[in-house]
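These notes concern the structure reproduced below.
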Amino acid sequence: MKISYSNYPVLKLLTQERINDFQCFEEDWLLWDFNPDLYKKAVENFNSNLPFFKKGTILISDAFNNACLEHFEKLMDLYVHIIKEKIDDIKIQGTYIIDGKFYMVNIDSSNMTYNTNNLSASIFGLNKHGALLNFYITGNGNFTSDEGLNWFSKDYGFSSEVRDQMTKTVLAQIISLYMFERYAEVETKLYAAKSKSSNIKCLYNNQTDISIKRLDSKWFTNIVRSEGFKVNGHFRLQPFGEGKKVRKLIWINEFQKKGYHSTAKILKQNHE
Numbered sequence: 020m021k022i023s024y025s026n027y028p029v030l031k032l033l034t035q036e037r038i039n040d041f042q043c044f045e046e047d048w049l050l051w052d053f054n055p056d057l058y059k060k061a062v063e064n065f066n067s068n069l070p071f072f073k074k075g076t077i078l079i080s081d082a083f084n085n086a087c088l089e090h091f092e093k094l095m096d097l098y099v100h101i102i103k104e105k106i107d108d109i110k111i112q113g114t115y116i117i118d119g120k121f122y123m124v125n126i127d128s129s130n131m132t133y134n135t136n137n138l139s140a141s142i143f144g145l146n147k148h149g150a151l152l153n154f155y156i157t158g159n160g161n162f163t164s165d166e167g168l169n170w171f172s173k174d175y176g177f178s179s180e181v182r183d184q185m186t187k188t189v190l191a192q193i194i195s196l197y198m199f200e201r202y203a204e205v206e207t208k209l210y211a212a213k214s215k216s217s218n219i220k221c222l223y224n225n226q227t228d229i230s231i232k233r234l235d236s237k238w239f240t241n242i243v244r245s246e247g248f249k250v251n252g253h254f255r256l257q258p259f260g261e262g263k264k265v266r267k268l269i270w271i272n273e274f275q276k277k278g279y280h281s282t283a284k285i286l287k288q289n290h291e
């Protein structure tokens with residue numbers, strides 16, 4: 020797989036200090052002609068968040084992404100638990116490459132509580148050519164008010180109802196992926212800028228000035244796809260280490276009382 024600016028022009032955005040315009044599909048320019056203020060706000064927000072989009076570029080493997088999509092509701096339950104119990108401040112910054120799309124992200128949950136939705140987020144989705152596919156900008160978690168901007172390209176053909184739901188799905192997907200990267204034992208491979216590397220399946224030739232981290236996890240794929248996940252199991256952050264100050268993501272599985280066994284990363288429980 021060759022990673023170059025000619026194959027992935029969108030990566031050029033991560034080498035710039037600011038942009039003047041987005042690349043857009045022709046049918047979308049008709050909207051911007053009628054609503055230039057919305058377009059201007061999007062460009063300004065992109066430029067103000069561009070330093071955060073450069074924090075890291077992460078390539079999500081297909082297996083990891085598919086498993087996360089299938090079970091992100093339980094991962095979001097864990098996210099709500101983290102917010103409710105004030106276990107951690109979740110800040111997600113960087114560029115995620117998911118299923119051929121590039122999501123440039125700056126999400127800050129530090130001001131959220133269980134009873135409020137003070138999420139600050141800027142998410143821009145683009146294709147590999149750099150064409151704008153969607154964006155979501157908010158300072159208060161509101162999808163519909165003037166304080167929240169939620170837009171999808173006409174190329175998708177979404178209604179407003181589907182658009183709002185898709186935005187929530189993208190947001191939940193990114194949060195779920197981040198939590199596994201941060202709390203679980205994941206496998207990573209760094210494709211350094213201007214370098215070549217290989218694995219069993221593919222030779223990677225990164226000709227860009229951007230280092231790209233590939234996120235994968237045998238733990239995640241195996242556990243999430245095990246039969247034990249299909250019962251009332253749940254994720255939990257388990258304190259460990261000196262002073263129990265570090266937390267690791269584990270899976271609690273009800274089938275253990277019937278002799279279910281898996282890797283050592285599942286917390287064992289005693290059942291009467």
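Start counting the sequence shown at 20; every next residue gets the next number (the numbering used here).
Positions of the beta carbon are idealized from the N, C-alpha and C atoms, including for glycine.
Query, Result
"For Phe109, which residues of its own chain have a beta-carbon under 6 Å away from its beta-carbon, when the five flanking residues on both sides are left out?", "Checking the displayed sequence, the identity of residue 109 turns out to be Ile instead of Phe. Answer for Ile109: Ser128, listed in chain order."
"Are there 16 or more other CB atoms within 10 angstroms of the CB of Tyr175, so buried, or fewer, so exposed?", "exposed"
"Let me make sure I understand the geometry here. Which of Ile77, Pro70 and Arg201 has the alpha-carbon closest to that of Thr114?", "Ile77"
"Quick check on this structure: which residue in Phe91, Leu138, His100 and Glu46 has the alpha carbon closest to the alpha carbon of Arg111?", "The question names Arg, but residue 111 in the sequence shown is Ile. Taking only the C-alpha atoms, the option nearest Ile111 is Leu138."
"Pop quiz: Lys215 and Tyr223 are said to be a contact at Cβ under 8 Å. What is the actual Cβ separation, rounded to whole angstroms?", "7 Å"
"Along the beta strand (DSSP E) that carries Lys208, what are the first and last residues, could you check?", "Glu206 to Tyr210"
"Whose CA, out of Lys120, Asn125 and Val124, lies closest to the CA of Leu145?", "Lys120"
"Mind checking whether Leu33 and Ile229 have CB atoms under 8 Å apart?", "yes"
"Could you give the DSSP three-state label for Gly113: helix, strand or coil?", "strand"
"Pick from Cys221, Val205, Glu206 and Gln226: whose alpha carbon is nearest that of Ser213?", "Sequence check: residue 213 is Lys here, not Ser. Looking at the Cα atoms, Gln226 is the closest of the given residues."
"Contact check, Leu234 vs Val189 under 8 Å by CB: the rounded distance?", "So it is not a contact: roughly 17 Å between Cβ atoms."
"How about Asn125 and Asn85: are their beta carbons less than 8 Å apart?", "no"
"According to DSSP, which residues form a beta bridge with Ala191?", "The partner list for Ala191 (beta bridge, DSSP) is empty, contrary to what the question assumes."
"Is Asp235 helix, strand or coil by DSSP?", "strand"
"In whole angstroms, what separates the C-alpha of Phe308 from that of Asn39?", "The structure shown does not extend to residue 308, since the chain spans only 20 to 291, so no value can be given for it."
"Does the separation of the CB atoms of Gln42 and Leu151 fall below 8 Å?", "yes"
"Compare the beta carbon distance of Leu57 and Leu168 with 8 Å and say whether it is the shorter of the two.", "yes"
"Over what stretch of residues does the beta strand (DSSP E) that includes Lys120 continue unbroken?", "Lys120 to Asp127"
"Look at the alpha carbon of His149 and the alpha carbon of Asp52, and state the distance between them as a whole number of angstroms.", "His is not the amino acid found at residue 149; the sequence shown has Gly there. Cα-Cα distance, rounded: 20 Å."
"For a test of the three-state rule: what should DSSP assign to Gly158, helix, strand or coil?", "coil"
"Mind checking whether Ile194 and Tyr98 have CB atoms under 8 Å apart?", "yes"
"With Phe65 as the anchor, note down where its alpha helix (DSSP H) starts and where it stops.", "Pro55 to Phe72"
"Looking at the strands, I want to know which residues DSSP matches up with Gly75.", "Answer by DSSP bridge pairing: none, since Gly75 is not bridged."
"Pull up the CB-CB distance for Ile116 and Asp107, whole angstroms please, since I reckon it's below 8 Å.", "With a Cβ gap of about 25 Å, Ile116 and Asp107 do not count as contacting."
"In the DSSP assignment, find the beta strand (DSSP E) that holds Tyr98 and state where it starts and stops.", "First-last for Tyr98: Asp81 to Lys103, but that is the alpha helix (DSSP H), not the beta strand (DSSP E)."
"So, for Pro28: in the same chain, excluding its five sequence neighbours on each side, which residues have a beta-carbon less than 6 Å away from its beta-carbon?", "His148 and Gly149"
"Does the distance from the CB of Leu196 to the CB of Ile79 come in under 8 Å?", "yes"
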